[in-house]
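End of the sequence shown = 513 in my numbering, gap-free, step of one.
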Amino acid sequence: MAANLITDRVKQLVRMRGPVIPSQISKEIGTNILMASAILSELASKNDVKISSVKFGGTPLYYVVGQEPKLQNYTASLQQKEKEALEQLKANGVLRDRSMEPATRFALRQIKDFAKPLEANINGETEIFWKWYLLANEDAETSIKKLMGIVEEKQPQTQQAPQLQQPLQEAFATARIEAVVGTSAQEAKPLIVQTTQQQQQTVLMPSSEIPKPRGKKPASQKTQIAASESEFAKTINEFFAKSSIEIELQVSASKSEAQYVVLLPSPVGKLRYYCVAKNKKTCTDADISSAIVQGQLKKLPVLLLAKGELSKKAHELLSKEIGAIVVKKI
């Protein structure tokens with residue numbers, strides 16, 4: 184009972200004074216920092232509190248939903264380039280990853296509390312955008328569409344309501360923006376933005392309501408690439424077969440890139456990876472960054488298959504992202 188009372192007291196203190204560090208809590212409950220850290224970690228594992236990436240005195244901060252704006256008070260420990268990236272993102276609301284210089288792209292990946300990755304898939308081409316963490320999702324949607332050059336045409340009111348009730352398979356096509364919002368497992372709710380081919384009218388809805396393609400095989404069933412497909416697809420298929428890798432799900436496929444959820448064999452069983460295959464003569468640091476972010480969005484480790492050579496900057500980025508991505512040449 185006493186333990187429950189202490190835990191409740193810690194939760195109350197975080198709600199009242201957060202963001203906080205363990206030493207602040209230990210003084211309030213009359214215990215040592217190690218015990219306070221253990222209690223906070225337990226609360227974080229239950230999603231009762233959140234842990235920041237930004238640190239205060241080398242220690243992460245603990246806070247609850249609603250206290251996110253206060254994290255801006257603890258940016259002194261950030262590197263200069265990270266501070267510059269933070270200010271640029273805050274001023275613009277949304278940044279297009281491919282438009283940023285490599286140092287800024289790298290910095291955005293380090294300030295995880297403030298920069299939230301968004302993935303856009305337009306006609307088979309995937310792009311990464313970064314959203315200021317306090318920006319409303321609707322505003323981020325509008326900004327991304329402007330950056331992508333998507334123009335919305337207002338429809339007469341008498342036609343709008345019926346159109347939104349059309350079967351989604353017929354009403355929507357080609358353009359899709361998938362935004363993962365939130366930082367915790369419970370808060371993170373994928374949203375899909377899709378536009379019509381003709382009217383380019385956009386509707387925001389939970390991803391659970393997006394109908395799944397008809398005739399899709401169960402995720403557990405191994406998917407094979409048809410023999411009639413391109414040489415690139417055949418190369419991927421041969422690599423998977425040689426490495427005993429199973430395709431759990433084919434996400435997308437084009438002449439230049441293919442994406443899968445795959446199962447890799449290991450001594451402890453099959454491991455699920457997000458696989459990005461690139462059909463390019465040179466794989467750049469931007470390709471590495473994009474693959475890492477896509478893995479983060481799917482909450483999976485990344486396997487990058489490169490048909491060409493890695494650029495010098497790609498090698499440099501890989502040396503900094505050890506453990507985040509595995510690269511294999513096919």
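Don't be surprised by glycine CBs; every beta carbon is placed ideally from N, CA and C.
- When only Cα atoms are considered, lysine 329 and serine 236 end up about 30 Å apart.
- Listed in chain order, the beta strand (DSSP E) runs fully inside the stretch 251 to 304 are 277 to 279, counting runs of at least 3 residues.
- In this structure, DSSP gives threonine 325 a helical state, which the three-state scheme calls helix.
- Taking lysine 511 as the centre and dropping the five residues before and after it, the same chain places the C-beta of Leu488 closer than 6 Å to its C-beta, in chain order.
- Look at alanine 507 here: in three-state DSSP terms it is coil, with no helix or strand label.
- Collapsing the DSSP output to three states places valine 451 in coil.
- In the same chain as isoleucine 234, and ignoring 5 residues on each side of it, the C-beta atoms closer than 7 Å to its own belong to Ala227, Pro243 and Tyr245, in chain order.
- With contacts defined as CB atoms closer than 8 Å, phenylalanine 312 and leucine 278 qualify as a contacting pair.
- Glycine 491 is positioned such that its CB atom lies closer than 8 Å to that of lysine 463.
- If the five residues before and after serine 439 are omitted, its C-beta is found closer than 6 Å to the C-beta atoms of Asn462, all from its own chain and listed in chain order.
- Judged by DSSP in its simplified three-state form, lysine 464 adopts coil rather than helix or strand.
- The continuous alpha helix (DSSP H) containing proline 205 extends over residues 205 to 212.
- Closest in C-alpha terms to glutamine 442, from the list Pro448, Gly478 and Cys466, comes Gly478.
- Annotation: leucine 488 is outside any alpha helix (DSSP H); the continuous beta strand (DSSP E) that includes it extends over 485 to 489.
- For the 8 Å CB-CB criterion, leucine 261 and isoleucine 294 form a contact.
- The stretch 203 to 220 and the stretch 249 to 260 do not touch, with fewer than 3 CB-CB distances between them shorter than 8 Å.
- Taking C-beta separations shorter than 8 Å and ignoring five residues to either side along the sequence, the partners of valine 485 in its chain run Tyr456, Tyr457, Cys458, Val459, Ala474, Ile475, Gln477, Gly478, Ala507, Ile508 and Val509, following chain order.
- If you check the CB distance, valine 193 and leucine 223 come in under 8 Å.
- Counting only residues of its own chain and dropping the five nearest sequence neighbours on each side, threonine 214 has no CB closer than 6 Å to any other CB.
- Here DSSP, grouped into helix, strand and coil, assigns valine 247 to coil.
- When the five nearest sequence neighbours on each side are left out, the beta carbons in the same chain lying within less than 7 Å of the beta carbon of valine 434 are those of Gln442, Tyr443 and Val444, in order along the chain.
- In the three-state DSSP reduction, alanine 441 falls in the strand class (E or B).
- For lysine 238, the enclosing beta strand (DSSP E) begins and ends at 233 to 239.
- For proline 202 and leucine 480, the gap between their C-alpha atoms comes out near 25 Å.
- Just so you know, the alpha carbons of methionine 283 and threonine 325 end up roughly 20 Å apart.
- By DSSP's assignment, valine 459 forms a beta bridge with Gln442 and Leu487.
- Beyond the five residues adjoining it in sequence on each side, aspartate 468 comes within less than 6 Å, by CB distance, of Pro285, Lys496, Ala497 and Leu500 in the same chain, given in chain order.
- With respect to the 8 Å criterion, threonine 418 and isoleucine 513 are classified as neighbours on the basis of their beta carbons.
- Distances from the alpha-carbon of lysine 238 to those of Val247, Ala259, Ile471 and Ala219 put Ala259 closest.
- Its chain contains no residue whose beta carbon lies nearer than 8 Å to that of glycine 332 once the 5 sequence neighbours on both sides are disregarded.
- The C-alpha of tyrosine 316 lies about 21 Å from the C-alpha of asparagine 304.
- Taking all protein chains in view, the Cβ of glutamate 421 is surrounded by fewer than 16 other Cβ atoms within 10 Å, so the residue is classified as exposed.
- Residue environment analysis places proline 450 among the exposed positions, since fewer than 16 neighbouring C-beta atoms fall within 10 angstroms of its C-beta.
- When the Cα atoms are used, glutamine 263 and valine 232 turn out to be separated by approximately 29 Å.
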